[in-house]
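S.K.:
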Amino acid sequence: MSAEATRLIELIDDAARQLTEAGVSYGHGTTNAFDEAAWLVLWRLGLPLDTPLDGPESAAELPVQAAQCEQVAALLSERIGTRKPAAYLTREAWLQGVPFYVDERAIVPRSLIGELLAHPELGGGIDPWLGAHTARVLDLCTGNGSLAVLAAMVYPDVTVDAADISADALAVARINVDRHALQDRIRLIESDSLASVPDRYDLILCNPPYVTAGSMAALPAEYQAEPSLALAGGADGMDFVRQLLREVPAHLQPEGVLVLEIGNERTHFESAFPALEAVWLDTSAGDDQVLLLTRDALHAWQNAQPAQIETP
59 MSAEATRLIE LIDDAARQLT EAGVSYGHGT TNAFDEAAWL VLWRLGLPLD TPLDGPESAA
119 ELPVQAAQCE QVAALLSERI GTRKPAAYLT REAWLQGVPF YVDERAIVPR SLIGELLAHP
179 ELGGGIDPWL GAHTARVLDL CTGNGSLAVL AAMVYPDVTV DAADISADAL AVARINVDRH
239 ALQDRIRLIE SDSLASVPDR YDLILCNPPY VTAGSMAALP AEYQAEPSLA LAGGADGMDF
299 VRQLLREVPA HLQPEGVLVL EIGNERTHFE SAFPALEAVW LDTSAGDDQV LLLTRDALHA
359 WQNAQPAQIE TP
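Counting in this note's numbering, the sequence shown runs from 59 upward without gaps.
So this is what it looks like as structure tokens:
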């Protein structure tokens, strides 16, 4: 190793220290300073993100020359100075092992629904509600299109519509649909909720804006760098969900189901829709983040409690 070279692990450890001292926030693909530092350093050096840093195949001792260290320092400075998520700086994020392009026009993909699609063996997933009848899938609030792409990969016999109110987000989704060569199976639709969605579906996936007004005001800068349209859900986080549940039965086939992510807002959801029979699904974040609603349950709720579906 030359006198000017730094070991790869030293570079990552130093980057992690700087991130910690700067007080940056995580949650856009990593949960801690070391993983975030490894992502930034490996990406900047052009190394695979799964490069081993321990064990017999470890690259920890790999020498990094001074010029490369300067490039890493510049990227790290940008991450700390702008507080943008690393995915916006690298223009790439991963969901369930699948790479996706992302930029500031769409939120960084992190939906727990991805787990349910890719790993039905964990907690049962959503497969028990699907079957030979499952032919049409809608990913509503698709953002960068990641859930639509995952659904098309996991269920090779279905066709998928991916809808979003944001033309900018759909432009990002187009990049990902093309990247994964799914143009023939995924249709992109610009739509305010379900207003311009033309069909009935066997499965509707939705990771909507559900962050409460109070939480929006307290979000770290990394989350404020994302489009607020994709996050803000009103006073109790349920503004979009109220509209969706009014409209969605008309867009479900008789055996159709809605899989809805509401994050940490289960209390607000149950307060807004107390008589609605929901199935809560197990994820790595617990069993209170994602729920499933059948068409029959939605109809029963609407018929029994019509006043509840009115926006306060």
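Glycine residues also receive a C-beta, built at the ideal position from the N, C-alpha and C atoms.
1. In terms of residues, what are the limits of the beta strand (DSSP E) holding T341?
2. Checking contacts by CB at 7 Å: is L77 closer than that to chain C?
3. Whole angstroms are fine: how far does the CA of L120 sit from the CA of D242?
4. Could you check whether A206 and I244 sit closer than 7 Å to each other, using their CB atoms as the reference points?
5. Less than 8 Å between the CB atoms is what I'm expecting for A221 and I184, so what's the real figure, rounded?
6. Leaving aside the five residues before and after E136 along the sequence, list all residues of the same chain whose C-beta is less than 7 Å from its C-beta, in chain order.
7. Could you tell me if D215 is buried or exposed, where buried requires 16 or more neighbouring beta carbons within 10 angstroms of its beta carbon?
8. Under DSSP, the beta strand (DSSP E) around I247 begins and ends at which residues?
9. Is R102 helix, strand or coil by DSSP?
10. Do V166 and A145 come within 7 Å of each other at the CB atom, strictly closer than that value?
11. From G87 to Y213, what distance separates their C-alpha atoms?
12. Which residue spans inside the segment 116-196 form an unbroken alpha helix (DSSP H) run of at least 4?
13. Could you check what DSSP says for A221 in three-state terms: helix, strand or coil?
14. Measuring alpha carbon to alpha carbon, tell me which of K142, L103, G172 and Q76 ends up nearest C264.
15. When the Cα atoms are used, what is the spatial distance from L107 to S329?
16. Between the segment 63-75 and the segment 89-101, are three or more C-beta pairs nearer than 8 Å?
17. What three-state label does DSSP hand L356 in the structure shown?
18. How is P44 classed by DSSP in three states: helix, strand or coil?
19. Determine the extent of the alpha helix (DSSP H) in which D108 is found, giving its start and end residues.
20. Label L180 either buried or exposed according to how many other C-beta atoms from any shown protein chain fall within 10 Å of its C-beta, with 16 as the threshold for buried.
21. Going by DSSP, name the residue or residues bridged to I262.
22. What is the DSSP secondary structure of A290, counted as helix, strand or coil?
M.R.: If we stick to the structure as given:
1. V337 to T341
2. In summary, chain C is missing from the structure at hand, where a single protein chain is found.
3. 43 Å
4. yes
5. The Cβ separation is near 19 Å, so there is no contact.
6. L147
7. exposed
8. I244 to E248
9. helix
10. yes
11. 25 Å
12. 124-140, 144-148 and 171-176
13. strand
14. G172
15. 42 Å
16. yes
17. helix
18. Here the chain has residues from 59 to 370 only, and residue 44 is not among them.
19. That residue, D108, is in no alpha helix (DSSP H); it is neither H nor E in DSSP.
20. exposed
21. L196 and L316
22. strand
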